[in-house]
Every structure is written in C-alpha cells, then in structure tokens.
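> Please find one structure pasted underneath; my questions will follow.
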C-alpha cells in the first residue's frame with residue numbers, strides 16, 4: 001500500500017534523484033518533465049509517468065517543483081496547463097529550484113492575488129548534488145510560514161539528511177536567501193581553487209604537492225578539495241559540475257546584490273571570469289577547467305626545478321593568496337547575509353558543513369559573526385594580511401599571471417586601510433562592507 | 001656647422017623618432033641600440049652611429065636615455081661599459097623612459113652614492129606616439145631640481161610641443177608620477193573602448209552608429225576615438241599600440257599603488273583582463289583587439305534588427321556604462337594623484353589634452369579637483385549614477401556579456417552608498433578613495 005501521492009516536475013539530474021528516492025520510500029510519485037525521455041526513465045525507475053503538468057498536479061495534496069530556473073518555475077506554475085490551477089484545495093507546494101528570494105516572494109504574492117492562498121507554499125532550495133539527492137540526504141534550506149512548514153516537514157525530511165534540514169526563519173524568500181549567501185562562498189571558492197593552482201603552476205610548483213599543502217593549511221576550502229582531482233585529470237567532458245551551473249547561481253547573487261545595491265567585489269569578479277570563459281566555449285564543461293584562465297597547459301605537467309628553499313617560499317605565496325582572499329570572501333558573504341537579515345548562526349552552521357566551507361570562514365568568519373573585538377586579540381592585523389597578499393599579487397604580476405580574486409581582495413583590504421582599519425584585526429575588513 | 005653633440009640610447013619606435021628629429025634640428029646625435037640594425041637605420045637617417053654605450057656617452061654634455069624599461073635603464077646607465085662612467089663632468093642626462101617614480105629616485109641616489117652628483121639628471125617621461133616623437137611635438141613631463149631643468153630645458157623644448165612641455169614641481173620622480181597617474185586613465189579607457197563597443201555588439205547595435213553617439217556624448221574618451229578605426233577594421237597586425245605596451249604602463253601603476261597600499265579597483269581590473277588576453281596570445285597585437293574579450297565576431301558584422309525605439313534604449317545603456325565608469329575612473333586617478341602629491345591643476349591641464357582625456361574627467365574630474373560641493377549643486381547624485389550603471393550591468397549579465405570595468409565601477413559606487421554618500425553629487429564617489 002502506497003504512502004500519499006506526490007506530484008513532481010523537473011526530472012533532471014537532481015530532480016530525478018529526489019523523485020526516485022521518494023518512490024523508494026513508498027510514495028506514489030507522479031512525475032513530469034518537458035523531455036519525454038526523462039519521464040520514460042522515471043517510469044522505468046518505478047515512478048508514475050504524468051501525461052501533462054495538470055495530470056501531475058491533479059488531486060495531489062503534495063507537490064515538488066524542481067525545474068531549473070525562475071522563468072521555468074513561472075511557466076510550470078502559472079502558465080497554460082499550469083500546476084497551480086490543477087492543485088486541489090489546501091495542497092502543499094515545495095519550490096526546490098534555486099531562485100532569487102524576490103522571485104519566491106512573488107510566487108506567494110501571485111498565489112494570493114489569484115485566490116489560491118489556501119496552498120501551503122514552501123521556499124525550499126536544496127544543495128548537495130545528484131548522489132545525495134538520490135540518497136535522500138540533501139541539504140535543504142526551507143522558509144515558509146509555520147503552518148506550511150508543519151504540513152511539508154515530513155516531505156522535507158524524506159529528501160534531506162537529518163542534520164541538514166535547515167528551517168530558516170523569515171518566511172518565504174528566507175530559504176532562497178540562505179542558499180544564495182552560501183553560494184557567494186561557493187562561487188568565489190570555485191574560481192579560487194583554479195586561481196591558486198594556476199598560480200602555483202606559474203611558479204613552477206608541483207600541482208599535487210601544492211594541493212596537499214593547501215588541504216592541511218588555513219587556506220583550505222571545500223571546493224578546492226572537491227574540484228582538485230578533476231582539475232588534475234582535466235576530466236572536464238562531461239563536467240560533473242558545468243560552468244553554466246555556478247554561473248546561474250552567481251547570476252542570482254549579483255542580480256540580488258544590485259537590487260540591494262550591496263557591493264560584492266569578489267563574487268562579481270568571479271562572475272566576470274566565468275562569463276569570459278563562457279565566451280571562450282567553456283560553458284558546458286566542468287568548472288575546474290577555470291584553471292585554464294591562469295595556466296595554458298595541464299598543471300600536472302609542471303615539474304619543478306627549484307631548490308627546496310625556493311619551493312617553500314613560492315608555496316607560501318600560494319597559501320597566502322588563498323588564505324587572505326578567503327578571509328575577504330568570508331567578510332563579503334557574511335556582510336551580505338547580515339544585510340539580508342539571514343540568521344548568522346544558522347548560516348555559520350550550514351556553511352561549515354557544506355560546499356561553501358573554508359578554514360578562513362570557520363575561524364575568521366566566526367569572529368565576524370560573533371562580533372569583532374572578542375576573538376581578534378593578538379590576531380593578525382589588516383596591515384599584515386594585506387602585506388602577505390600584496391607579495392603574492394606582485395609576484396603573479398611579475399610572472400604575467402592573472403590573479404583576479406587576489407587583486408580584488410587586495411583592493412578591498414586597501415580600502416579598509418584607507419578607512420583607518422590597518423592596525424585592527426584582519427577580520428575587521430568586514431567593516432568596509434558595513435560602514 | 002652642427003649644434004652641440006648629444007648621446008642617445010634606445011632607437012626603438014619612439015626613440016628613433018626623437019633622435020632623428022634632433023638630427024633634423026641640426027644636432028650631432030650619437031645613437032646606440034642593442035640591435036645593430038636599429039643603429040644602421042639611424043645612420044641611414046643622418047645620425048651618427050655609436051659603436052658602444054661608452055662611445056655614445058664619451059664627451060657628450062647632453063644625453064637622452066629612451067630604452068624600454070627600468071631594468072634596461074639600470075643596465076645601460078650603471079652596467080659594465082655603462083653611460084654614467086663615460087659621461088663628462090657636469091653632463092646633463094634626460095631619462096625619457098617610462099619608469100616608476102621610485103626607480104627614477106633611485107637613479108638620483110645612485111649618482112650621488114658613486115660620486116657623480118655633478119650630473120644634471122632629469123626625470124622626463126614622454127607621451128604621444130612615434131609620429132609626434134618624429135615631429136618633435138611630444139608631451140613631456142619633466143621633474144628635476146631647478147638647476148638641472150635649466151640646463152636641459154632647450155633639449156626638452158626641442159622634443160616637445162610648445163604647449164606640452166610640463167615642468168612638474170616636486171623634483172626627481174615627479175615627472176614619472178605625473179605620467180603614471182595619466183596612464184591610470186589611459187589604461188582604463190583603452191579597455192573601456194572595447195568593453196563599450198563589445199557590449200553594443202551584444203545588444204545588436206550598429207558599431208559605427210554607436211561610436212558616433214559615444215563621440216558626441218558625455219561618454220567620450222580620447223582612447224575610444226583613437227582606437228575606433230583599428231577596432232572596426234580589426235587592423236591588429238602589426239599593432240600600432242601593442243597590448244604589451246599598455247600592460248607595461250599599467251604594471252607600473254599597480255605596482256606603485258601596491259607600494260603605496262592605495263586601491264585602484266578599475267585599473268587593476270583592466271590589468272587582469274590584459275593579462276588574460278596575454279595568455280590567449282594577444283600580447284603583440286594592437287590593444288583595440290581587446291574587443292574580442294566581449295564579442296566573438298568582428299563588431300562591424302553586427303546588423304541591427306531592432307526598432308528605432310529599442311535601439312535608442314539599448315544605446316543609452318552603452319552610454320551610461322561608459323559615462324559612469326569614466327566618472328569612477330576619474331575619481332580613482334585623481335585620488336591616487338592627490339595621494340602622490342601630484343600638482344592637480346597641472347594634471348588636469350595635461351590630461352585634458354592627452355590620451356587619458358574623457359569628457360567625464362573634464363567635467364566631474366574638475367569638480368573633484370576644485371573641491372566638492374561647489375560644482376555639484378543640482379548635479380546627478382551617486383544614487384542616480386549608480387542606478388544608471390546598474391541597468392547597463394544587469395542587461396549585460398542577462399546577455400552573458402562580461403563587463404569587467406562596469407562591474408568594478410558599480411561596486412565602487414555601492415561602497416560609496418554604503419558610506420552614506422548616496423544623496424551627494426556623483427563626483428563625491430571620490431571619497432571612497434579618500435576617507
């Protein structure tokens with residue numbers, strides 16, 4: 001005997017995993033996708049194929065929307081033959097697509113304006129990749145009125161890891177904002193991994209040894225560790241994480257930041273490099289291919305002819321670049337999160353165990369969140385941090401190596417110094433964003 | 001009967017023009033270059049070939065050094081068989097190469113430390129291109145003690161236009177600093193011309209019509225007007241102004257800015273794009289090829305299918321992009337000039353009639369130089385300017401068009417807003433740099 005019926009739209013890599021996991025858990029999942037082949041594949045995996053959007057929604061008390069973008073959401077929800085018109089009274093609708101918070105809010109407003117405020121609507125973007133989707137262990141950042149969250153909670157729990165379901169205070173839009181500020185870090189660190197390894201190659205450093213040093217240092221990021229093997233192997237076709245995916249997420253960030261008129265110098269810089277790479281034809285390949293923006297050959301081919309002492313000195317430049325840039329990235333993400341009234345303690349917990357994590361975020365980021373002046377006694381000053389980064393940036397310039405994030409971060413630190421923050425703890429660079 | 005004898009080193013494109021002009025004016029010019037072919041060519045043009053550096057300097061009361069970079073200067077002046085050792089007592093030495101001010105100062109210090117303070121040394125970088133070099137109508141920015149300037153003045157006058165010899169107060173290094181802060185604008189506007197025309201192409205606008213509109217608008221820059229034809233014709237080989245030339249000048253700026261720990265967000269951004277293009281193989285070609293970083297095809301091929309109204313709207317985005325970005329560029333250059341204690345009135349005069357000129361510099365830049373609060377009554381606010389730029393940047397993002405300078409400028413304006421400057425005149429964006 002089946003559990004309750006669930007409608008589902010969007011059977012791509014992530015959506016397919018989520019929907020088939022629900023099938024395995026015993027639900028009668030009625031799935032739809034614009035690609036008939038995806039529906040067939042879902043049927044083969046035990047799902048119930050829906051013949052149309054309306055068919056997928058009719059008489060379904062629960063519905064999950066996992067299409068790729070806000071325009072697609074708008075079309076499937078409110079277009080001709082749309083989901084909303086077909087959903088029964090008091091249905092629960094989970095929007096799991098990554099969309100701008102303002103868009104999620106506009107869905108709620110539209111539901112009200114067309115007289116469907118009976119629908120319990122939950123803004124619930126997910127994170128974690130296709131494998132975790134299929135295992136029902138995603139991270140989910142869910143925001144909605146309490147009554148809606150109560151109705152949808154069991155379904156959120158089915159799809160997420162027990163420790164990774166974040167009920168985000170703030171109602172509709174809060175889940176999307178939480179995901180977005182997390183992606184600020186992800187978007188910067190993806191490029192940062194390539195920038196650091198490309199710079200190391202320019203310095204004549206061995207790629208694997210450099211990576212090992214990064215992993216065990218304060219420069220560590222989740223993204224660097226995650227992307228490293230694909231970067232070394234140049235295993236880009238088909239990409240496990242196509243450039244266009246992070247570009248879409250970063251586009252949501254910079255668009256929202258512009259709407260808030262909030263500066264995001266590092267994330268914007270990363271976006272510009274991604275757009276340049278898109279123009280060069282890298283859109284569909286794995287984002288670890290960004291290393292090509294810094295080094296023209298496979299980095300694995302670099303074999304060092306330096307002395308141990310020279311190697312240690314060069315390696316330190318790479319570590320300093322990443323560490324100080326990641327500090328500024330943490331400041332940018334946290335200040336934007338604070339501006340958006342995101343719950344910072346929850347943000348910290350989420351990031352520390354997700355793709356946006358970095359050792360800098362977990363240490364200096366915590367200082368920033370807990371309030372400056374407590375943790376920063378005796379810590380490195382803005383002057384000292386900028387001086388370390390300056391050496392790396394100058395060396396890269398001498399080698400004619402682009403260092404997009406490093407330069408952007410250094411300019412932020414110089415702004416901090418111009419504001420008189422030079423002698424304060426390095427975490428106070430956040431004040432540049434918060435005046 | 002010849003006028004006085006002059007030694008000359010560095011017979012490249014600029015140096016050859018300068019040296020042969022002096023020959024035409026009746027001087028006995030003894031020229032040397034590391035490339036024997038350049039010396040032969042100089043001989044064919046009426047010059048006196050020197051067989052060595054020492055030969056070019058021996059018994060010459062006046063000497064002009066026009067090699068390409070500071071390391072080359074160091075080598076020809078102080079290396080084995082160097083110029084200084086060969087120059088007679090009380091000789092006058094003009095250093096016309098573009099070098100960091102700190103390097104020019106180190107030359108003066110070295111002259112003193114080796115007991116050759118008898119040499120009248122003048123820091124005198126030039127600007128204007130090979131044609132003006134050959135015509136003796138360069139811009140020259142000369143800094144030195146008064147006594148030295150007095151001795152070298154006739155020679156500076158021979159090589160420069162009557163209105164374009166700038167005797168820069170501040171002694172050795174002041175000339176180089178003046179040239180450097182001018183190049184902040186040149187370095188940004190070269191990329192800005194490509195960014196604007198590339199964005200226009202993405203918008204489906206006709207390249208020539210767009211260029212005409214820019215020329216007659218507040219978005220005008222000297223660089224855009226100068227580079228336009230080569231950009232339209234894709235006349236890049238051999239470049240009239242190779243990417244590596246502006247990259248060298250920009251490198252002097254960002255290196256000096258780092259030494260001063262002064263933020264140069266736009267100039268640094270331009271440098272990063274130049275470095276990326278260098279990696280793509282654009283180093284030796286004309287810098288108007290930077291348009292390729294924004295549009296994959298020749299922009300002249302774009303034929304618009306838009307209505308007049310749509311065209312006007314799209315064109316306005318291009319004009320807004322350039323105008324507001326140029327305002328921030330003016331603020332960056334002027335604040336850096338002020339920080340370096342460059343004479344701002346002279347800077348204004350020089351820029352207005354040189355390659356760094358822009359209509360924004362000549363209007364808003366003047367406001368900034370004369371002191372805010374006088375000219376800015378009733379003028380556009382920071383809020384309004386950033387809002388115009390924001391629309392352009394968002395549109396570019398929607399089109400997946402990189403907009404490196406536009407994004408960097410917008411982040412500076414957002415920083416200004418975060419500092420509480422939103423309601424002030426747009427020229428007060430300079431306060432971000434000056435706190």
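Protein chains in written order, with the UniProt record's numbering: chain H, 1 to 435; chain P, 1 to 435. Think of the CB as a built atom: it goes at the ideal place given N, C-alpha and C, for glycine as much as any other residue.
Examine chain H for any beta-carbon lying closer than 8 Å to the beta-carbon of residue 265(P), and answer yes or no.
As a first step, residue 265(P) must be located in the second chain, where it is residue number 265. Yes - at least one Cβ of chain H is within 8 Å of the one on residue 265(P).
> Can you say whether residue 393(H) is buried or exposed, counting buried as having 16 or more other CB atoms within 10 angstroms of its CB?
Here residue 393(H) corresponds to residue number 393 of the first chain, with the count starting at 1. With 16 or more other Cβ atoms within 10 Å, it is buried.
> I'd like to know if the segment 292-310 of chain P and the segment 160-173 of chain P are in contact, where contact means that at least 3 CB-CB pairs between them fall below 8 Å.
The segment 292-310 of chain P vs the segment 160-173 of chain P: no contact.
> Please work out which residues of its chain come closer than 7 Å, Cβ to Cβ, to residue 439(P), disregarding the five sequence neighbours upstream and downstream, and give them in chain order.
The displayed coordinates of chain P run from 1 to 435. Any statement about residue 439(P) would go beyond what the structure contains.
> Using the beta-carbon count (16 or more within 10 Å), is residue 402(H) buried or exposed?
Counted from its first residue, the first chain places residue 402(H) at position 402. With 16 or more Cβ atoms within 10 Å of its Cβ, residue 402(H) is classed as buried.
> Taking Cβ-Cβ distances shorter than 9 Å, what residues in chain H pair up with residue 390(P)?
Walking along the second chain from the start, residue 390(P) turns up at place 390. Going along chain H in sequence order, the residues near residue 390(P) (Cβ under 9 Å) are 258, 259, 261.
> Under 8 Å, do residue 126(P) and residue 96(P) count as touching if we go by C-beta distance?
For the purposes of this step, residue 126(P) is taken as residue 126 along the second chain, with counting starting at 1. For the purposes of this step, residue 96(P) is taken as residue 96 along the second chain, with counting starting at 1. The answer is yes: Cβ separation under 8 Å.
> Should residue 212(P) go down as buried or exposed, given a rule of 16 or more other Cβ atoms within 10 Å for buried?
In the second chain, residue 212(P) corresponds to position 212, counting from 1. Exposed, by the Cβ-count rule.
> Based on the DSSP secondary-structure assignment, which residues constitute the bridge partners of residue 92(P)?
The residue you call residue 92(P) lines up with position 92 of the second chain. Per DSSP, 62(P), 120(P).
> Below 7 Å on C-beta distance, what does residue 268(P) contact in chain H?
Numbered from its first residue, the second chain carries residue 268(P) at position 268. Result: 407, 411.
> Among 337(H), 86(H), 358(H), whose alpha-carbon lies nearest the alpha-carbon of residue 59(H)?
Taking the first chain and counting its residues from 1, the one referred to as residue 59(H) is at position 59. Looking at the Cα atoms, 86(H) is the closest of the given residues.
> Using 10 angstroms around the beta-carbon of residue 237(H), count the other beta-carbons present and answer buried if the total reaches 16, otherwise exposed.
In the first chain, the residue the question calls residue 237(H) occupies position 237. Exposed, since its Cβ has fewer than 16 Cβ neighbours within 10 Å.
> Look up residue 30(H) in the DSSP assignment and give the residues it is bridged to.
What you label residue 30(H) is simply residue 30 of the first chain in a count that begins at 1. 7(H), 48(H).
> Spell out the partners DSSP gives residue 508(H) in its beta bridges.
Because residue 508(H) is not part of the residues shown, which for chain H are 1 to 435, the question remains open.
> Can you pull the chain P residues whose beta carbon is under 8 Å from the beta carbon of residue 255(H), in chain order?
Taking the first chain and counting its residues from 1, the one referred to as residue 255(H) is at position 255. Result: 394, 397.
> Do residue 263(H) and residue 418(P) have their C-beta atoms closer together than 8 Å?
Stepping through the first chain from its first residue, residue 263(H) is reached at position 263. Stepping through the second chain from its first residue, residue 418(P) is reached at position 418. Cβ distance < 8 Å, so residue 263(H) and residue 418(P) count as in contact.
> Helix or strand or just coil, what does DSSP make of residue 103(P)?
As a working note, residue 103(P) is residue 103 in the second chain. Note: residue 103(P) maps to helix in three-state DSSP.
> With a threshold of 8 Å between beta carbons, is residue 450(P) in contact with chain H?
Given that chain P is displayed from residue 1 to residue 435, the structure contains no residue 450(P) and the question cannot be resolved.
> Should residue 197(H) be labelled buried (16 or more other beta-carbon atoms within 10 Å of its own) or exposed?
Residue 197(H) sits at position 197 when you count from the first residue of the first chain. Buried, by the Cβ-count rule.
> Measuring alpha carbon to alpha carbon, tell me which of 132(H), 195(H), 93(H), 15(H) ends up nearest residue 295(H).
As a first step, residue 295(H) must be located in the first chain, where it is residue number 295. Nearest option by C-alpha distance: 195(H).
> Using a Cβ cut-off of 8 Å (strictly closer), state whether residue 226(H) contacts chain P.
Numbered from 1 along the first chain, position 226 holds the residue referred to as residue 226(H). Chain P, which has no Cβ nearer than 8 Å to the Cβ of residue 226(H), makes this no.
> Please determine if the segment 179-188 of chain P and the segment 266-276 of chain P are in contact, where contact requires at least 3 C-beta pairs separated by less than 8 Å.
Yes: at least three Cβ pairs fall under 8 Å.
> Would you verify that the beta carbon of residue 276(P) is, or is not, closer than 8 Å to some beta carbon of chain H?
On the second chain, residue 276(P) is found 276 positions in, with the first residue counted as 1. Chain H contact via Cβ: present.
> As a quick exercise: from 252(H), 128(H), 83(H), 22(H), pick the residue whose alpha carbon is nearest that of residue 111(H).
Stepping through the first chain from its first residue, residue 111(H) is reached at position 111. Ranking the options by Cα distance to residue 111(H), first place goes to 83(H).
> Please return the same chain residues whose Cβ sits closer than 6 Å to the Cβ of residue 375(H), not counting the five positions on each side in sequence.
As a position in the first chain, residue 375(H) is number 375, starting the count at 1. In this predicted model, residue 375(H) has a pLDDT of only 48, less than 50, meaning its place in the structure is not dependable; the value taken from the coordinates is given anyway. Excluding residues within five positions, the ones whose Cβ falls inside 6 Å are 367.
> Pull the bridge partners of residue 142(P) from the DSSP assignment, please.
Within the second chain, residue 142(P) is the residue found at index 142, counting from 1. In the DSSP output, where bridge partners are listed per residue, residue 142(P) has 167(P).
> How would you list, in chain order, the residues of chain H whose beta-carbon sits under 9 Å from the beta-carbon of residue 433(P)?
Counting from 1 along the second chain, the entry for residue 433(P) is found at position 433. Per Cβ cutoff of 9 Å: 415, 418.
> Bridge partners of residue 221(H), per DSSP?
Start at 1 with the first residue of the first chain, and residue 221(H) comes out as number 221. DSSP lists 358(H) as partners of residue 221(H).
> Taking buried to mean at least 16 other C-beta atoms within 10 Å of its own C-beta, is residue 183(P) buried or exposed?
The residue labelled residue 183(P) in the question sits at position 183 within the second chain. So residue 183(P) ends up on the buried side.
> Verify whether the separation of the beta carbon atoms of residue 201(H) and residue 232(H) is less than 8 Å.
By one-based count along the first chain, residue 201(H) stands at place 201. By one-based count along the first chain, residue 232(H) stands at place 232. No, the pair does not count as a contact, with Cβ atoms beyond the cut-off.
> Using the Cα positions of residue 89(H) and residue 149(H), report the straight-line distance between them to the nearest angstrom.
Residue numbering aside, residue 89(H) sits at position 89 when the first chain is read from its first letter. Residue numbering aside, residue 149(H) sits at position 149 when the first chain is read from its first letter. Near 17 Å, if we compare the C-alpha coordinates of residue 149(H) and residue 89(H).
> When you compare only the Cα positions, how much space is there between residue 128(H) and residue 384(H)?
Here the question's residue 128(H) lines up with position 128 in the first chain. Here the question's residue 384(H) lines up with position 384 in the first chain. For residue 128(H) and residue 384(H), the distance between alpha carbons rounds to 36 Å.
> For residue 173(P), decide whether its Cβ has a neighbour in chain H, counting only Cβ atoms nearer than 8 Å.
Counted from its first residue, the second chain places residue 173(P) at position 173. For residue 173(P), the answer is no, since every Cβ of chain H falls outside 8 Å of its Cβ.
> Measure the alpha-carbon distance for residue 309(P) versus residue 316(P) and round it to whole angstroms.
Position 309 of the second chain, counted from the first residue, corresponds to residue 309(P). Position 316 of the second chain, counted from the first residue, corresponds to residue 316(P). Computed Cα separation, rounded: 11 Å.
> I'd like the span of the alpha helix (DSSP H) that includes residue 294(H), first residue to last.
On the first chain, residue 294(H) is found 294 positions in, with the first residue counted as 1. Where residue 294(H) is concerned, there is no enclosing alpha helix (DSSP H), given that its DSSP letter is neither H nor E.
> Could you list which residues in chain P have their beta carbon closer than 8 Å to that of residue 69(H), in chain order?
For this step, residue 69(H) is matched to residue 69 along the first chain. Ordered by position in chain P, no residue passes the 8 Å Cβ test against residue 69(H), which lies about 12 Å from the chain.
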